[in-house]
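J.: Every position in the sequence shown, counted from 1, becomes a number in my numbering once 404 is added.
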Amino acid sequence: QMGTIAHIERMIRSDGEVNALVRGLARAQIVSYSENSEFLQAVVHELDEEVDDTLEVKALTNHLTTLFKKALSLGKQADFLVFMNIMSDISPSELADQIASTLDIKGSERQEILEMVDIKARLEKIADYLTKEVKILEIERKIASKTQETLEKSTKDTILRERLKTIEKELGDTDEGSEIKELMDKIKKAGMPKEIEEKTKKELKKLQQLTPYNPESGYIRNYIEWLVSLPWNKKSTTHTDLKVAEKVLDEGHYGLEKIKERVLEYLAVNQLSGKMKGPILCFAGPPGVGKTSIGKSIAKALGREFVKVSLGGIRDEAEIRGHRRTYVGALPGRIIQGIKDAETSNPVFMLDEIDKVGADFRGDPSSALLEALDPEQNNAFSDHYLEVPYDLSDVMFITTANELDTIPPALRDRLEIIHFAGYTQNEKFHIAKDFLIKKQLAANGLKSSQVKISDEALKYIIERYTRESGVRGLERQVARIFRKVARKVVEGEKEKTHVTSKNATKFLGPEKVSSLLAEKKNEIGTATGLFYNPAGGGILFIEVALMPGKGQLILTGQLGDVMKESCQAAMTYVRARAKKFGLAEDFYKHIDIHVHVPEGAVPKDGPSAGDTITTALVSALTKIPVNHLVGMTGEVTIRGKVLEIGGVKEKVIGAHRAGIRTIILPKENRKDMEEIPKEVAKDIRFVFVGHMDDVLKVALTKPLPGFKEVKGE
């Protein structure tokens, strides 16, 4: 509805284009359009400019002029003639229109300004637009300034670096920088194999060509630092004096003869051959028997560095083999990290809790250990981060485990398994007296002149306050006594505290374990079996009760499938020999037989309770009591044969601790008697059997009817 009346000053035609110089004269409002087919024509009404000389308009024109000057100083583009017009003394209306023509705004916004007849409103609108432009120009100026500073610093650094290179060359220094020179020196001193040294130098050359601002330079620098920091040819000198090594082992641990013997054999072979592939030992046994601590003693005896890595709960294969260098924050695996920390290529390397390694979507760490723990191929162990082979053949690997069942067969095949049995009460006594008391005195800030635990008190604590294979619980009880003594000392008591078997309860409270765990008297239908688990050995009871019924066999006590089958096999054996036991052939048709193993919350499984179940069943059916001081173990077939079982040492030690005085074992287990400690063997009568009939002759308090006809194998 509104436009500009303009006058065409002149027109220039060139190369088919028409340029016109047009001068605006006045605003005009369209009254009506005329009908004309050739061009658009309208009747217009010229609008007269309002003259407004108020102080407010004067202030606005001054403000607008100042803003325009500021915009020009910040880099706003404007025609020189327009600038001269604005700077000359012109009317507020003309000033507004001149500045509006230079604004960076849309066509619709220009039209809006054109339609503003009120001079004050027009000046305010133009001031708003110009203020926005000035702010944008200021922000652009800041950005440009920062960019310029960065570029200037980068240029300055580059120039200085080039000058430094020139100076170094003039001085005869051919290396391109002190860092590169330092890394080159490290590579030369590292003693790497030739092909690995060549690869490292290639990486160094690549680093030399990169600018410090390139992210890849940091990755390459870390990689080279790892390669040069590894002990490629640094070795600890192995002690070869067997007597010294034996003395070190004896000072650190009581008992554990097999382990000590194995270490001394390793030393002897090393001394004769000069080189031996590192053995992979696996110490398997219950918690608290000294598996981890003997690793340190072995390292001390050999004169080597000791490294321990706990594998418990590891699920990621990269923990063993390392991450690829392409990942952010990549590192070598635990094995290479341990070798670097040891600073020698032949440490004693302990992989603790190898049975607790798991597998998930990130891989199987136990499979990644296969290469490291194979003496035939670990001379070229490949870590994903290093990407070069590292020789682990001089490393003496020691692994520890509570259970062997969870270790994959392929990994277990590479291990030389040495079983740690639970300690006997005599061994616990010596360990406490020679090691634990001294350790806890120091830990609690006490002196031997302030407290003394008598030998009788130690034995009493072992018998009445601990039931374990190891000595951790025993150490806790000793620490408990010393804490109470420490409090007395701090409170001012100066007399030496004597702990005896009579006053031990004052320090430790009521007894926790019964001194005799076996039954107090002979019982019908209750037999004593022997068990073994990762925590050690002990005794369990099998109870059989008979009830009127229809021949049902009820099994309770959270039994596993194998143990349930042992119960069924025992039932079949008794039914097949019913006449020999003085029973009717159909005795089972009118009764229900309930077999229960107490401590029902504890899962139980395995075939070695077969003879115990059969004995309890025969006792219940014949009403003949079972000798409560007889313990037994052995798998039984439906023909009555007693088969070999495992864990004899742990079972016997546990039974001895519980007060059992006669133990029935399968005759194939006679070979295991060598492992039984002498102080245990002298207190127990061992009976070796091949048939269930022989078991019953020993276990039952009276002979069975018709037993003279049966000949034991």
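Just so it is clear, CB atoms sit at the ideal spot from N, CA and C, and this is done for glycine as well.
Straight-line CA distance for Val1084 to Ile698?
T.: Each residue's Cα considered, the two are about 24 Å apart.
J.: Just the C-alpha distance for Val632 and Glu566, rounded to the nearest angstrom, thanks.
T.: Val632 and Glu566: Cα-Cα distance of roughly 28 Å.
J.: First and last residue of the alpha helix (DSSP H) that includes Tyr992?
T.: Run containing Tyr992: none; DSSP gives neither H nor E here.
J.: Determine the direct distance from the alpha carbon of Thr641 to that of Tyr789, and round the result to whole angstroms.
T.: Distance between the alpha carbons of Tyr789 and Thr641: 29 Å.
J.: From Gly428, Pro635, Val693, pick the residue whose C-alpha is nearest to that of Ile663; which is it?
T.: Selected option, being the one with the closest Cα: Val693.
J.: Using DSSP with H/G/I as helix, E/B as strand and the rest coil, what is Phe801?
T.: Strand, per DSSP.
J.: In or out: Gly420 buried (at least 16 other Cβ within 10 Å) or exposed?
T.: Classification for Gly420: exposed.
J.: Taking the alpha carbon of Leu1069 as the point to measure from, which residue in Gly1063, Glu1039, Ala980, Asp522 has its own alpha carbon closest?
T.: Looking at the Cα atoms, Glu1039 is the closest of the given residues.
J.: Does the stretch 1048–1059 come close enough to the stretch 935–950 to have 3 or more Cβ pairs within less than 8 Å?
T.: They touch, by the three-pair rule.
J.: Whole angstroms are fine: how far does the CA of Leu634 sit from the CA of Gln675?
T.: In a straight line, the C-alpha of Gln675 is about 26 Å away from that of Leu634.
J.: Starting from the Cα of Glu453, find the closest Cα among Gly716, Ile523, Lys1106 and give me that residue.
T.: The shortest C-alpha separation from Glu453 is found at Ile523.
J.: If contacts are defined as beta-carbon pairs under 8 Å, then Pro690 and Ser873 qualify, I think. What distance do you get, rounded to the angstrom?
T.: Between Ser873 and Pro690 the Cβ distance is about 4 Å, and since that is below 8 Å, they are a contact.
J.: Can you find the residues in the same chain that come closer than 6 Å, C-beta to C-beta, to Val999, ignoring five residues on each side of it along the sequence?
T.: Around Val999: Val948, Leu959, Cys971.
J.: Let me know if Ser613 comes out buried or exposed under the rule of 16 or more other beta-carbons within 10 Å of its beta-carbon.
T.: Here residue 613 turns out to be Gln, not Ser, going by the sequence shown. Burial call: exposed.
J.: In angstroms, rounded to a whole number, what distance separates the CA positions of Ala861 and Phe710?
T.: The straight-line gap from Cα to Cα measures roughly 36 Å.
J.: Is there contact between the stretch 741–757 and the stretch 799–807, where contact requires at least three CB pairs shorter than 8 Å?
T.: Touching, per the Cβ criterion.
J.: So, helix, strand or coil for Arg868, using DSSP?
T.: DSSP places Arg868 in helix when its eight states are reduced to three.
J.: Measuring alpha carbon to alpha carbon, tell me which of Gly1063, Lys480, Pro779 ends up nearest Pro683.
T.: It is Pro779.
J.: Mind checking whether Leu464 and Leu534 have CB atoms under 9 Å apart?
T.: For Leu464 and Leu534, no; Cβs fall outside 9 Å.
J.: Met488: which of Gly1010, Thr469, Ile409 sits nearest, CA to CA?
T.: The residue with the shortest Cα to Cα distance from Met488 is Thr469.
J.: Between Lys832, Glu1078, Val882, Glu820, which has its C-alpha nearest Lys842's C-alpha?
T.: Taking only the C-alpha atoms, the option nearest Lys842 is Val882.
J.: Under three-state DSSP, which class holds Phe710?
T.: DSSP places Phe710 in strand when its eight states are reduced to three.
J.: Report all residues from its chain with a CB closer than 7 Å to the CB of Glu580; omit the five preceding and five following residues, and keep chain order.
T.: Because Glu580 carries a pLDDT of 49, less than 50, the predicted location of this residue cannot be relied on, and the following value inherits that uncertainty. Lys569, Gln612.
J.: Report buried or exposed for Gln502, applying the criterion of at least 16 other Cβ atoms within 10 angstroms of its Cβ.
T.: The residue is buried, with at least 16 neighbouring Cβ atoms inside 10 Å.
J.: Taking the alpha helix (DSSP H) that Ser771 falls in, what are its first and last residues?
T.: That run of the alpha helix (DSSP H) goes 769–776.
J.: So is Ala1160 buried or exposed if we call it buried at 16+ other beta carbons inside 10 Å?
T.: As shown, the chain starts at 405 and ends at 1117. That puts residue 1160 outside it, with no answer to give.
J.: When we look at the beta-carbon of Thr904 and count the other beta-carbons within 10 Å, is it buried (16 or more) or exposed?
T.: Looking at its Cβ environment, which holds fewer than 16 other Cβ atoms inside 10 Å, Thr904 is exposed.
J.: Tell me Gly877's beta-bridge partners as DSSP assigns them.
T.: Its beta-bridge partners do not exist; DSSP assigns none.
J.: Who does Met406 pair with in a DSSP beta bridge?
T.: Looking at the DSSP assignment, Met406 forms a beta bridge with Gln433.
J.: What does DSSP give as the partner residue(s) for Thr932 in the beta ladder?
T.: Beta-bridge pairing links Thr932 to Phe945, Gly1035.
J.: Is the separation between the beta-carbon of Leu646 and that of Arg666 shorter than 9 Å?
T.: No, these two residues do not count as a Cβ contact at 9 Å.
J.: Who are the Cβ neighbours of Glu927 in its own chain at under 7 Å, not counting the five residues just before and after it?
T.: Once the five neighbours on either side are set aside, the close Cβ partners of Glu927 are Pro1029, Val1030, His1032.
J.: Could you tell me the alpha carbon to alpha carbon distance between Gly716 and Val761, rounded to whole angstroms?
T.: If I take the Cα positions, the gap works out to 6 Å.
J.: In its own chain, which residues sit with a C-beta less than 7 Å from the C-beta of Val422, not counting the 5 before and 5 after it?
T.: Closer than 7 Å at Cβ, skipping near neighbours: Met415.
J.: Taking the straight line between their C-alpha atoms, what separation do you get for Lys1055 and Gly942?
T.: Taking the straight line from one Cα to the other gives about 6 Å.
J.: How big is the Cα-Cα spacing for Asp798 and Gly913?
T.: One C-alpha to the other measures close to 52 Å.
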